[in-house]
Structures are given as structure tokens and as C-alpha cells.
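The block underneath contains the structure these notes are about, expressed in C-alpha cells.
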Amino acid sequence: MGGIRSMTEVLTDSPRSAVTSGYRSIAMAVLAESAIGPRWRLREGDTWCTVTPPGHRSRTQGWKLHVSATPVSAPQVLTNAVPVLVAHECAFKFAATPRIVAELNASRADRAQSGKFLTVYPIDDDQLRALAELLHDATLGLAGPSILSDRRYRPDSLVHYRFGCFVSPTRLDDTGFYEGQLSAPDGTLVADERNPWFSPPAWASPPFDPPPRTNGRKRGDPVLIAGRYLVTHAIQHANRGGVYRAHDQHTGEQVLLKEARPHIATDPDGKDVRDRLRHEAAILDQLGPARITPAVRDVVAVAEHIFLVEDLIAGTNLQRWPAVHARPSDGQVPVTEVWRLARELTRLIGAVHDMGFVLRDFTPGNVMVTPENIPVLVDMECTIHTDQLAYVAGTPGFGAPEYFDEPRRNSAIPLPAPGPEVDCFSLGATLLYIAGGINPVLAADAPVARPTGARIAAIVEAAAPTSPALHALAPVILGLTADVPDRWTLPRAAAFLATEPVVAQARPGPALSEENRDRLLRDGLAHLVDTMTPNREYLWPRPQALPPGDPCNVQLGAAGVLAVLDRAARCGQRWVTPALATAARWLDHRLTVPSRILPGLYFGRSGTVWALHAAAQTLGDKALAERTLEYALRIPLDWTNPDICHGLAGAGSAQLQLWRASGDQRFADRAMECAERLIHLTKTAETGVDWLAEPRYRDELAGSASYGFGHGLAGNATFLLAAGSVLNQPDLIEIAIGAGHALCAVAECHGASARWPKGPGRAGSLDVNFWCNGTSGIGTFLVRLWQATGEPRFREFAERAGHRVYRDRWRLGTGTCHGISGNAELLLDLAAATGQDRYRRWAAEIATCLYVRAAERDGRLLVPDDTMREVCASYNVGLAGVLDFLLRLGHGGPRSWLVDHGRSIDGPP
4 MGGIRSMTEV LTDSPRSAVT SGYRSIAMAV LAESAIGPRW RLREGDTWCT
54 VTPPGHRSRT QGWKLHVSAT PVSAPQVLTN AVPVLVAHEC AFKFAATPRI
104 VAELNASRAD RAQSGKFLTV YPIDDDQLRA LAELLHDATL GLAGPSILSD
154 RRYRPDSLVH YRFGCFVSPT RLDDTGFYEG QLSAPDGTLV ADERNPWFSP
204 PAWASPPFDP PPRTNGRKRG DPVLIAGRYL VTHAIQHANR GGVYRAHDQH
254 TGEQVLLKEA RPHIATDPDG KDVRDRLRHE AAILDQLGPA RITPAVRDVV
304 AVAEHIFLVE DLIAGTNLQR WPAVHARPSD GQVPVTEVWR LARELTRLIG
354 AVHDMGFVLR DFTPGNVMVT PENIPVLVDM ECTIHTDQLA YVAGTPGFGA
404 PEYFDEPRRN SAIPLPAPGP EVDCFSLGAT LLYIAGGINP VLAADAPVAR
454 PTGARIAAIV EAAAPTSPAL HALAPVILGL TADVPDRWTL PRAAAFLATE
504 PVVAQARPGP ALSEENRDRL LRDGLAHLVD TMTPNREYLW PRPQALPPGD
554 PCNVQLGAAG VLAVLDRAAR CGQRWVTPAL ATAARWLDHR LTVPSRILPG
604 LYFGRSGTVW ALHAAAQTLG DKALAERTLE YALRIPLDWT NPDICHGLAG
654 AGSAQLQLWR ASGDQRFADR AMECAERLIH LTKTAETGVD WLAEPRYRDE
704 LAGSASYGFG HGLAGNATFL LAAGSVLNQP DLIEIAIGAG HALCAVAECH
754 GASARWPKGP GRAGSLDVNF WCNGTSGIGT FLVRLWQATG EPRFREFAER
804 AGHRVYRDRW RLGTGTCHGI SGNAELLLDL AAATGQDRYR RWAAEIATCL
854 YVRAAERDGR LLVPDDTMRE VCASYNVGLA GVLDFLLRLG HGGPRSWLVD
904 HGRSIDGPP
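Residues 4 to 912 (the numbering used here) make up the sequence shown, in order.
Listed below in C-alpha cells is the structure:
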């Protein structure tokens, strides 16, 4: 809801703050005044400053306190709280800088973590109770949001409490992440759940009496706002507050409610999302009568929360509009419909400008299109009058680069309203999205090397041939996204759209040249080599958008990157060999560190031993190869998850590969054990996917959790197919054949393409065309099943999957797990299996999609990760997986992480 408020989303230290270099100086000053303070230990990290008294020994779990704050109140909260904690010799931590506090309290922050400025670790519950009262008194009257995962100490208090871990988690959970785990009284481990509601373990007795219920309402009861608006459906939950459909009991009509929570996204002037919601109401009061926006019905306050009640606009959000209006046969949005909508959007923005306003945050998410195809602007909190001052606002990718740049976003003072040209850029970026399905977010060059307009022009040039709608709108998109002063005005755009569109036939886009492909490879591999950090916990920095995970695995850790360096060395890039050796040594040593060993191929250690053994062979290190095989025999097979990513199918695949590489019969036996356990799990599961195959086909895998490759039926069946072929077990192949027929039966076909639901039933979303869930991974299995059986039906649906992933190449991200790099691997599979060169050309077109999205970082061209904003090394979400695809595209060879027994699927040697 609404755009990004830069001063609250990414607030930086400023002269307006009581601190200029973070909050460390406040704590240090208090410690210096204490008799024992100088002996305390203060550790400053990127996010937290941790302060412990001499001789401190932390409990592993218990009741702890959180004290909330805003970026404005945080210095005073800390100033008042630290003397209390020091006097009682209690350990604590606090957010390191105003930027971190702002991120914790941002509109889109994690609801369960929001507000936790100061964390207190009492030695026991008696100290907790004493400190709660003292900290309440010390911070009473200061501003801070409610912490949703906790319970307030008192209704007016900044002090909250919850039961949880006291130390950073060091044990991997079943999914391969370091998540906090609590020890129950019977010794069993349970997850330390951080829900956006108070949810302590049932066995943890609260240290305070629960507050009395003020309204008698229980969780799950209907919600009535202001005695009038009965909530019927939650559209969205966000840290700033929810968005709801509601029934107006006075009028009998359906309305929309937007909620603003107190003290969320506070700016340097102390204003928060409640002020911005009131501002939005004032804007709707002026624009609503012109039918530019919904009309305001009411603004009500409930327990300091503000609710804006407005007309409920029926229709489709513009984010979903291209998918709803695309022709099922070819995925194209009719040119005339896009053209007509572009005219209406231009007219709508022009009307806003004529009334003296500038939107500043025009995006597809902020537009509803009615059943009559009339666009209506929603989420108007960033709209201001042209004579106003305001902090910079906008959405990455859609915000005009000259206005939404970092210096302006980080300004400590409000700036004059921008001119209409910022909305022109947003309109052009939005037209790029609705015509071509292309998200305009671009990872920043560092240092800035290329104008944004030129980068968007490169994307349009590459994508327009394949999309008649984008081809028709290309001139206006390029004009509106051009850099100032060459950017088109709205009247010029309206004049262009007043003409009739030029409709062209779709044709192939440009395949990436060898020169550009080699540059992406050279620059990407050099980046991997230079960013290796052998003295750190993670050999390559982990993606910050994800929680900490196993440093050794394929998904996010070192093993996936090691495998890519190994492939590069085997493909003639011998200059990476020293880095390969360093990474192999690091991983070999890291495996000696005590850690829970998980079996999965991507999130566990099975992929790790696969990659390390292959690297040892490339390096000619027999001792390392032997150590790796011994470690592989320690991977547990007594597991309850059957899938590739986390479970037995992944473990069995690695055991099978190591049997082929070593000839050690123990690995063949263990692979067979995985197959038998997997079949038992899926055969006895109480729930599973819809199984529409004929009764004559085997159905042991019907208990799979979903249809896809990474977590479901396709991946399970791929392992059984490989095991059956390599171990000469026809029964396993028959089970895989049954899975193939079941997958063909639930496919939804349109023209030459097909797509699959996620599952477990067919009612799941069909709009998932990825490797881990959906079309790409299912095609990966079916092409191999056709190779093994010769059954034409499997080839047909594998090729339909290939058509689908090719069709969707511009609307997905870059990654391997959820993006076009993983999807393009299927096209290379099809090229090798069928001998049809069009699939290799399609893969080369996908390489072009990667190339035009790459960012220049210190002179290197690097493909961004799944966030489309940053660059990380991790295999399934970042650069390593992209490079693996490009290496295979250029040099051939087998697909990584699959046991393919036939050479025809491998491609050129």
C-alpha cells in the first residue's frame, strides 16, 4: 500500500538526530560513568550493538524484554534505559544506527520483528519483573510502536515481553536455516516462532498476569470497526496496518478500510503512517469527486489506530491486468486493449496535474481497472500539491531516477515537490510493465556508469520484437523514460497515443552474442574469485534478503559456487583453478566443524559432497576425494521429507552420483535405501496431489506434497527414474512412468504451451513457471522420462513446458530456483534431447534477458540476484546459478545436480 517513504524506510544518520554515528556513544557515556562500566563488553555489529557485564553467562532461553522506539525517540529511550540496565548488571542489545531503527519500523518491515529497538536479557524472571517496571517508568511518554510478537507490559508502555531464545541460533533446522529452537520441559525441541501475535509455548508460564480484555472479543471473532464497519476479508497485512473489505452496517454497502498503526514509519518531523493516511484522505476528498480516485466515506480513530474508509473499487489491480487480459493461446496482451488503457492512464495523470498535484508514486500496484476498463488511482498517500515540501517518496524501478536518487531519498529535510516529469517517467515504466510484463527495477551501477533511460532502452529493444504490444508502445515508453531534459511530456505522449497503433507480428528476439556471453562469464567469475572471504563464516557473503543458512550447502552456501568454479575450470577457464582449490580447502575444513548434517541436495549436505568430490577430481586431490566419500557415508537417510531440496530424493541423487564416480557399492545400496524410504513416505502419506492417471499406472508417488521439482512429484520421480536406470531397477522406472502420466493429466494446455498447478490439488496457482514449483521443473522430469521410455506423450508435454518458459522469459527474475536461468536449463535439455536447434536459440535469447539487466560494478557486468537490486554469489538465487547456465550454453556438458544416464541429454562433451 503506497510507496516507499525514504526517510522512514532507509533513514540515515542526520544532524537532526541526537546521534551522528549511531547510538554507541550513548551507551559508552553511561558505561564510563559507572564504577564497573569500563569492564563491560560492547560488541558492535552491522545491525546490533550488544552490551554485556563482566562475567556474563547468557541463558539459552527464557522471558525477555523488548523496548520499542522510533528513529526520533530512540536516542532518548536509550539514554533513559541504559542506566537502569547497567545498575542491575543486565545484558542488552540495541539497534546500531537510526537507519536500522527506521528499517525495523518501516511500512513494509517484518511485522513480527518491528519495533524491537532494545532487547533485554534478564538473568531470571525476578530480575525481568523488576526491570520491566523500572524501564516502563524510565521511558513513559516516549514514542514507540506496539511490538506485535510480544505482549505490552502495560497498555501505555514501550516495554514488551516474550519467551524466546537468548543466543543466536547455532543449530540448523530441518529446512537448512539457522532458526531459534526452544527446549521444552520434556527435552524436545520446538521452533522459536516469531509470529505477529503473542504466541509463547504452552509450557512457558507468563511472568505477568494477562491484561484484562477491554472489549470481550476473542481471537477469531468478527471485527467491528467504530461500531459500524464489519470486516469481512483481510486483503493485506503489513507492518503499517491492514487493508480490509468491510460491510458498512449503516448503509449496507461494501467498503474498503485502510489501517495505520501508531508510530510506524516515523519521519524526522515525528509524523507517521497515521498522518500520511489522513493526508491521503484529504487528497481523495479533492480528487474523488472527479472520479480519479475512490471517494472518502469516513476517517475513524480506534485505540490510536486510524482507519480510512473509502469506496470499494471493483475490478482488477493493474499488477494483475496483463495476466488477466493475455490471450491463453500465446500469452500476448491484445495491442488495442493495451493502447486504450495507455490512453486512459495518460488522461488520468493529466487530470491530476491539471488540479495542481503530482503523484510521485504511480505504479501498477496503485491502479485499479474497473470491469468497464476504466482506471482508478488508489493509494494516494505520496500525492502532494506542487507547492508543498515533502520527503522523497516512490517505488524502486518506477520512481524517476533524477528525483528518486539516493541523496534525495536520504535528505534530512523535506524537499520541494518535483515537477510533472517524475510522473511521466512512472507512466513510461508502468507501460513497460503492462505491455511487456517487464519489471523496470534495475540494480544500480556502482559507480554510476549508464543513464537509466539508456538501460531501459536496451531492454525495450531486446524485448519488443517478441511482443506486439510492446513494439507498438515502444516509442512512448522510450520517450517517457528518457533522461531529463529529453523526456516526453504528457501532452506529447497523449498526442502519440491519439493515433492508431502500428501492429506488428511477433518474431524472435536477439540471441546473446558470444562476445557478450563471454563478458558476462568473465566478469561474473572474476567477481566470484575476488569476493571470496576464506576467514569468514560464509565463504561468499550470504544474501541479506534471506535468513542465515548452512554456509556449506548448494542453495545459499559455498557448495553451489564451488561447483560453478569447477565447471568453469573444466570448460577451459583454468585461471579460476587457484580459487577452486581455496574454496575446496575451505569447504573441506568447514565440514570438520560440528554441525547438524541434513540430507537434502540443495539445503542439506548431499549437494556439498557432490560438488566437493567433483572438485577434488578436477584438482587431482585423491585424499580430499576420499575424505569427501567418507563424509557422504555419514549423511543421514532416516528422514521424513522425500523431496529433492530437503530430503531423500536429493540425498539419493548424490549417493547415486558418488556410486558412479567411485564404484563403491555402499553408495548404490544407500541410493536404493533412499528410493525405498521415499516410496514408503509418499505411499503412506495421508494427503497428496490429485492423481488423474489411469488405474493401470503406478501411483506410489501420489502422496507427494506438490507437483513441482524442488519439493514434489517431479523431483521425486526424477530421482526414481535415475535410480531405476542406473541400478537396473525396472520397478522404480514404472513408478516414475506413473508420475509422468499423472503430471500430463493435470496440465493446462494453451496453444503450444502447458502449465501446471503448484499443488497439492489442481486448484493451486497456475501462475508458477519455475524450476522448484511449476512448469520448468516438471518439464525437466518429462524430457528425461521421454528419453528413458520413448513415450511420445512425455516428449509432447516436455516441449509444451519449454514453450511456456520461453514465453515467460521477460516477466520473471534472473535466478535459478525462481527465474529464467533455471528455466533456460530446460531449453538446453530439450535442445540436446531432441536435436532441435530452436531450443538452444531460445536459451540464447534468455541470455539476452540476463545481459540487459546486468549492472556494472567496478567495471564488471554482473547479473543481479532475485531481488533485482543486489548482486550475491549464491547458486539458486544469485550469480553462481546464472554463470552455470551460461557455461553450459557456451560449452555444453551435463546439467548440474542431475544424474543423467544417457549421453543424449548431456549435450556436447
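We treat Cβ as the ideally placed atom computed from N, Cα and C, and that holds for glycine.
Selection from the options that minimises the alpha carbon distance to residue i
{"i": "His-530", "options": "Tyr-634, Glu-679, Trp-578, Ser-160", "result": "Trp-578"}
{"i": "Arg-114", "options": "Pro-760, Trp-200, Gly-58", "result": "Trp-200"}
{"i": "Val-381", "options": "Pro-410, Glu-313, Val-395, Val-341", "result": "Glu-313"}
{"i": "Arg-490", "options": "Arg-545, Ala-293, Glu-424", "result": "Glu-424"}
{"i": "Phe-120", "options": "His-69, Val-170, Asn-83", "result": "His-69"}
{"i": "His-388", "options": "Arg-411, Tyr-394, Met-358, Pro-795", "result": "Met-358"}
{"i": "Ala-452", "options": "Gly-368, Gly-862, Ala-460, Ala-187", "result": "Gly-862"}
{"i": "Gln-252", "options": "Pro-760, Arg-281, Arg-300", "result": "Arg-300"}
{"i": "Ser-609", "options": "Leu-636, Gly-623, Ala-584, Met-383", "result": "Leu-636"}
{"i": "His-139", "options": "Arg-174, Gln-576, Pro-158, Leu-107", "result": "Pro-158"}
{"i": "Ser-728", "options": "Asp-702, Met-675, Leu-175, Leu-627", "result": "Met-675"}
{"i": "Ser-208", "options": "Phe-166, Thr-492, Tyr-26", "result": "Phe-166"}
{"i": "Pro-78", "options": "Arg-27, His-282, Ala-497", "result": "Arg-27"}
{"i": "His-91", "options": "Ala-485, His-59, Leu-445", "result": "His-59"}
Pairwise C-alpha distance: residue j and residue i
{"i": "Asp-128", "j": "His-163", "result": "14 Å"}
{"i": "Thr-235", "j": "Tyr-247", "result": "7 Å"}
{"i": "Pro-810", "j": "Leu-892", "result": "Reading off the sequence, residue 810 comes out as Arg, not Pro. Answer to the nearest angstrom: the Cα atoms are 19 Å apart."}
{"i": "Leu-483", "j": "Thr-433", "result": "10 Å"}
{"i": "Ala-326", "j": "Gly-334", "result": "8 Å"}
{"i": "Pro-513", "j": "Thr-851", "result": "7 Å"}
{"i": "Leu-131", "j": "Pro-57", "result": "19 Å"}
{"i": "Ala-630", "j": "Phe-428", "result": "Going by the sequence as given, residue 630 is Arg instead of Ala. Going by the C-alpha atoms only, they are around 58 Å apart."}
{"i": "Asp-903", "j": "Ala-725", "result": "7 Å"}
{"i": "Pro-210", "j": "Pro-125", "result": "12 Å"}
{"i": "Asp-667", "j": "Leu-661", "result": "8 Å"}
{"i": "Thr-455", "j": "Asn-519", "result": "20 Å"}
{"i": "Gly-764", "j": "His-714", "result": "14 Å"}
{"i": "Ser-17", "j": "Arg-860", "result": "Model confidence at Ser-17 stands at a pLDDT of 35, short of 50, so the residue's coordinates are unreliable and nothing is read from them."}
Anticipated Cβ contact below 8 Å, residue i with residue j, distance rounded
{"i": "Leu-348", "j": "Pro-378", "result": "6 Å"}
{"i": "Thr-797", "j": "Gly-743", "result": "Here residue 797 turns out to be Phe, not Thr, going by the sequence shown. Going by Cβ atoms, the distance from Phe-797 to Gly-743 rounds to 5 Å, so yes, they are a contact pair."}
{"i": "Ser-110", "j": "Asn-242", "result": "6 Å"}
{"i": "Phe-712", "j": "Ile-781", "result": "7 Å"}
{"i": "Asp-868", "j": "Gly-818", "result": "7 Å"}
{"i": "Ala-846", "j": "Ala-834", "result": "7 Å"}
{"i": "Leu-559", "j": "Arg-545", "result": "6 Å"}
{"i": "Arg-593", "j": "Pro-554", "result": "7 Å"}
{"i": "Leu-640", "j": "Arg-673", "result": "6 Å"}
{"i": "Thr-778", "j": "Val-808", "result": "6 Å"}
{"i": "Val-338", "j": "Ala-249", "result": "Contact doesn't hold; Cβ gap of about 39 Å is too wide."}
Under 8 Å between C-beta atoms of residue i and residue j
{"i": "Phe-773", "j": "Glu-828", "result": "no"}
{"i": "Phe-407", "j": "Pro-443", "result": "no"}
{"i": "Phe-800", "j": "Cys-747", "result": "yes"}
{"i": "Val-33", "j": "Phe-95", "result": "no"}
{"i": "Phe-180", "j": "Gly-552", "result": "yes"}
{"i": "His-753", "j": "Pro-265", "result": "no"}
{"i": "Leu-568", "j": "Ala-586", "result": "yes"}
{"i": "Val-880", "j": "Ala-858", "result": "no"}
{"i": "Glu-405", "j": "Val-355", "result": "no"}
{"i": "Ile-480", "j": "Val-506", "result": "no"}
{"i": "Phe-360", "j": "Leu-430", "result": "no"}
{"i": "Leu-81", "j": "Val-123", "result": "no"}
{"i": "Pro-225", "j": "Trp-206", "result": "no"}
{"i": "Ala-657", "j": "Trp-694", "result": "no"}
{"i": "Gly-244", "j": "Val-276", "result": "yes"}
{"i": "Ala-475", "j": "Pro-511", "result": "no"}
{"i": "Met-371", "j": "Asn-413", "result": "no"}
{"i": "Leu-601", "j": "Leu-175", "result": "yes"}
{"i": "Leu-311", "j": "Lys-261", "result": "yes"}
Given 8 Å as the limit, is there contact between the segment 146-159 and the segment 262-269, that is, 3 or more CB pairs closer than that? yes
On the three-pair Cβ rule with 8 Å, is the segment 678-690 touching the segment 607-620? no
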